[in-house]
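Remarks on the structure that follows.
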Amino acid sequence: MITGYQSSNDVVLAMERGEVHGQSSSLQYWAISRPDWLTDGRISHLLYVGPPDPLGTPGVPYLGDLVTTPEDRALVDFIEIGSRLGWPLFAPPGVSPARVETLRQAFERLMEDPAFVADFEATVKGRLNPTTGADLALFVDRALDTPPATLDAAKTILGID
0 MITGYQSSND VVLAMERGEV HGQSSSLQYW AISRPDWLTD GRISHLLYVG
50 PPDPLGTPGV PYLGDLVTTP EDRALVDFIE IGSRLGWPLF APPGVSPARV
100 ETLRQAFERL MEDPAFVADF EATVKGRLNP TTGADLALFV DRALDTPPAT
150 LDAAKTILGI D
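Going by numbering that gives the first Met the number 0, 18 is the number at position 19 of the sequence shown; the sequence numbering is gapless.
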């Protein structure tokens, strides 16, 4: 693993220059930033982590299917939390529960709007797979309840000091 690049774009440039031969990014990132790389086969997907593959790439193994022990399952569950959060929308502290519920309902209505869904899916060349605010809160709660041993294992695997 090569570290030290300041952004995903820096790693993509390094890939173009032949300095590195891959990176860990979401399929949505590639669909938006380099859709031609997906369609012309310049990149290969080794495996996916997180929610079901939104772009429908058959034959790409899911990390969760490769683990065999409860400890590894807990580690995958923790590592996937960020992927499952996707691009969350947050309100600042102190927003009333009623306002939070109003915002959640508005978001859910937007996710059901046929024109929005069609525009989104045409832009990213993939399916819209929204997560509700209530489900996001459950993912955050799970992350906060992660046992220290799992956190330590994740830090080791991810190269975090």
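Cβ atoms here follow ideal geometry from the backbone N, Cα and C, with glycine treated the same way.
| Asked | Found |
| --- | --- |
| Sequence-distant residues of the same chain with beta carbon closer than 7 Å to P60, five excluded per side | L46 |
| F138, buried or exposed, once every other Cβ within 10 Å from all chains shown has been counted against 16 | buried |
| 8 Å Cβ cutoff met for V10 and Q27 | no |
| Anticipated Cβ contact below 8 Å, S82 with P50, distance rounded | 7 Å |
| Burial state of G132 (16 or more Cβ within 10 Å) | buried |
| A153 and I78 closer than 8 Å at C-beta | yes |
| Close beta carbons around V66, own chain, < 8 Å, minus the five adjacent residues each side | R72, L74, V75 |
| Residues near T145 in its chain [Cβ-Cβ closer than 6 Å; skip 5 each side] | F77 |
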